[in-house]
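Written out below as structure tokens is the structure these notes cover.
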Amino acid sequence: MANLAGYRRPSPGTQPGYLHPPYVSSIKRSPSKPLVHLSQTLSEITGPSFGTTSVDVKAFDLTRQHESEPLGERIIVSGRVLDEDGRPVPHTLIEIWQANAAGRYLHKLDQHNAPLDPNFTGCGHTLTDSNGNYRFVTIRPGAYPWRNHYNAWRPAHIHFSLFGPAFATRLVTQMYFPGDPLLTLDPIFNCTADESARNRLISQFDLETTQPAQALGYRFDVILSGRLATPWEK
Amino acid sequence: MKHQATTSQTVGPFFRIGLERLLVDNLVPEGVSGERIVITGRVLDADSQPVPDAMLELWQANAEGKYAHAEDVQKKTLEAAFHGFGRVFTEEDGSFRFTTIKPGRVPGPDDGLQAPHIVVSVFMRGLLRRLVTRIYFPDDPANREDFALNLVEPSRRRTLIARNSSQATGQLEWNVVLQGPAETVFFDC
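See the structure below:
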């Protein structure tokens with residue numbers, strides 16, 4: 248088999264490194280030796296896909312997983328998954344998870360003394376449609392304290408996990424909210440050197456997807472690595 | 041290029057609530073050919089302390105060396121039940137375990153064949169971006185000519201090759217050491 252065209256590697260500064268001392272957990276968990284540069288092969292250019300049979304069509308709506316509705320501000324988070332050339336990434340799985348409106352996760356290790364909400368689990372998933380569009384209905388997560396440093400608070404965020412077409416395009420990220428005063432103080436948000444790359448993690452309030460008398464709309468597009476034109480392109 | 045790929049962020053400490061639904065610790069459902077192998081190991085930090093909150097994702101070809109993916113156009117058989125994706129979480133003691141088959145050889149660069157391997161993504165609190173590594177199989181003569189293993193300095197290659205378990209036959213052991221003298225080789229790919 249001839250050499251295959253792989254996926255683009257990130258431009259300098261647009262992805263975090265591993266050791267980022269302000270984020271204390273990275274100190275003991277980051278490799279100390281340089282990564283070994285590997286040409287992508289069939290192993291990296293292929294990857295898992297998840298069809299409609301592995302997806303619950305109702306799982307896009309995190310406000311309807313229980314008998315009653317969760318407390319908090321209902322929001323609609325929608326956007327497109329595109330590659331770096333602007334092509335839609337269709338039928339790809341997106342998994343999300345988040346804290347409830349009080350800033351508490353439904354996880355046994357979350358010790359924050361904010362209340363759990365019996366009507367909110369905080370996880371959802373969906374597939375993008377044939378144009379790369381996705382849509383979730385949820386509640387706006389609360390900020391929450393963590394032990395990274397004195398008086399440390401995570402800005403409100405929703406975790407996103409995406410696969411894309413290949414092992415090489417796998418991405419886990421976090422979506423933030425515009426105008427959050429905690430963003431400038433957060434070592435995780437600030438781990439990426441490139442300011443515009445960082446700011447693209449902030450969703451945008453969107454009146455068009457806001458539903459009257461129902462829920463505010465936020466737009467968040469996710470870009471996955473694009474395909475190289477030839478195996479030799481750097 | 042119109043856009044730049046979205047910045048990666050850590051999975052954080054609470055990812056299980058969102059990612060557990062897709063836990064796959066047996067990559068070989070009924071009807072998939074190949075000898076079952078159990079691979080166990082631990083994820084360890086810079087102080088050799090267990091990492092109890094890591095996730096490993098696995099991707100591999102079937103026993104003939106074919107991926108369940110449209111871009112694998114090799115004329116090899118692919119059983120409908122085979123997918124090749126796995127996702128496991130570590131326990132309190134940093135351990136993980138999954139059942140699979142040894143994959144066949146798949147094409148590599150320049151018309152070569154790669155030695156049988158599983159590609160692995162490692163996620164955890166503290167990692168702002170996934171780490172990528174590979175699991176190779178012990179005593180396989182193809183390891184000597186594998187292009188990826190040969191990119192690695194000889195003294196570190198063993199971090200990529202699983203060991204036969206002293207505990208159970210048909211079981212392999214392979215650890216992820218994040219930092220230190222025994223640090224696992226991680227790839228930029």
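As you go down the protein sequences, you meet chains L and Z in turn. With my numbering, the residue at position 148 of the first sequence is 395, and numbering never jumps. With my numbering, the residue at position 180 of the second sequence is 220, and numbering never jumps. For each residue, glycine too, the CB sits at the ideal point set by N, CA and C.
| Query | Result |
| --- | --- |
| Quick check: the segment 152-165 of chain Z against the segment 84-97 of chain Z, are there 3 or more CB pairs under 8 Å? | yes |
| In whole angstroms, what separates the C-alpha of S472(L) from that of V172(Z)? | 16 Å |
| Identify the contact partners of V192(Z) in chain L, using a Cβ-Cβ distance below 7 Å as the criterion. | V283 |
| With 16 as the cutoff for other CB atoms within 10 Å, does Q44(Z) come out buried or exposed? | buried |
| Taking only runs of the beta strand (DSSP E) that begin and end inside the segment 103-161 of chain Z, which ones reach a length of at least 3 residues, in chain order? | 125-129 and 135-141 |
| Would T373(L) pass as a contact of T47(Z) if the rule is Cβ separation under 7 Å? | no |
| With contact counted as at least three CB pairs below 8 Å, one residue from each stretch, are the segment 389-403 of chain L and the segment 308-317 of chain L in contact? | no |
| Pull up the distance between the alpha-carbon of H267(L) and that of P278(L), whole angstroms please. | 11 Å |
| How should P257(L) be labelled, buried or exposed, when 16 other C-beta atoms within 10 angstroms of its C-beta is the threshold for buried? | buried |
| At 8 Å on the CB atoms, spell out the chain Z contacts of Y202(L), in chain order. | Since the displayed chain L opens at 248 and closes at 481, residue 202(L) lies outside it and no answer follows. |
| Quick one: is V146(Z) near chain L, going by C-beta distance under 7 Å? | yes |
| Expressed to the nearest angstrom, what Euclidean distance is found between the alpha-carbon atoms of K481(L) and R255(L)? | Bear in mind that a pLDDT of 49 at K481(L), under 50, signals an unreliable position, so the model cannot answer this. |
| State the DSSP-derived secondary structure class of S408(L), mapped to helix, strand or coil. | strand |
| Going by Cα to Cα distance, which pick from H284(L), H404(L) and L432(L) is closest to I449(L)? | H404(L) |
| Over the uninterrupted alpha helix (DSSP H) stretch that includes N446(L), give me the two end residues. | E442 to N446 |
| Suppose you measure from the CA of A444(L) to the CA of Q287(L); what does that come to, to the nearest Å? | 24 Å |
| By Cβ distance below 6 Å, which residues in the same chain neighbour F297(L) in space, the five residues on each side in sequence not counted? | L340 |
| Who are the near neighbours of T420(L) in its chain, counting only those whose CB is closer than 6 Å to its CB and skipping five residues on each side? | F407 |
| Between which two residues does the alpha helix (DSSP H) carrying E97(Z) extend? | Element bounds for E97(Z): not the alpha helix (DSSP H) but the beta strand (DSSP E), A94 to W99. |
| With a Cβ-Cβ cutoff of 7 Å, do P478(L) and D433(L) count as a contact? | no |
| How would you call Q451(L), buried or exposed, if buried means at least 16 neighbouring beta carbons within 10 angstroms? | exposed |
| Could you give the distance in angstroms between the alpha-carbon of N190(Z) and the alpha-carbon of L282(L)? | 14 Å |
| Might you give, ordered along the chain, the residues of its own chain that have their beta carbon closer than 8 Å to the beta carbon of L329(L), omitting 5 neighbours on each side? | P335, V336, G379, D468, V469, I470 and L471 |
| I want to verify the contact list: residues of chain L whose CB lies under 7 Å from the CB of G52(Z), in sequence order. | H406 |
| Name, going along the chain, the residues of the segment 48-78 of chain Z whose beta-carbon falls closer than 8 Å to a beta-carbon of chain L. | S48, Q49, T50, V51, G52, P53, F54, F55, R56, I57, G58, L59, R61 and L62 |
| Would you list, in chain order, the members of the segment 357-370 of chain L that have their beta-carbon closer than 9 Å to a beta-carbon of chain Z? | D357, T368, G369 and C370 |
| List, in order along the chain, the chain Z residues whose C-beta lies closer than 8 Å to that of S377(L)? | By Cβ distance, chain Z contributes nothing, its closest Cβ being about 16 Å from S377(L), past 8 Å. |
| Residues of chain Z with a CB under 7 Å from the CB of I470(L): which are they? | H43, Q44, A45 and T46 |
| For A462(L) versus R321(L), is the C-beta distance shorter than 7 Å? | yes |
| Would you check if the segment 107-118 of chain Z and the segment 52-67 of chain Z touch, i.e. whether three or more CB-CB distances between them fall below 8 Å? | no |
| Quick one: give me the first and last residue of the alpha helix (DSSP H) that G58(Z) is part of. | R56 to L59 |
| Once DSSP output is grouped into helix, strand and coil, what is the label at P194(Z)? | helix |
| Could you check whether the Cβ of I188(L) sits closer than 7 Å to any Cβ belonging to chain Z? | Because chain L spans 248 through 481 in this model, residue 188(L) falls outside it and cannot be assessed. |
| Interface residues of chain Z around K280(L) at Cβ under 7 Å? | E223 |
| For the structure I just gave you, are there three or more beta carbon pairs, one from the segment 119-134 of chain Z and one from the segment 196-212 of chain Z, closer than 8 Å? | no |
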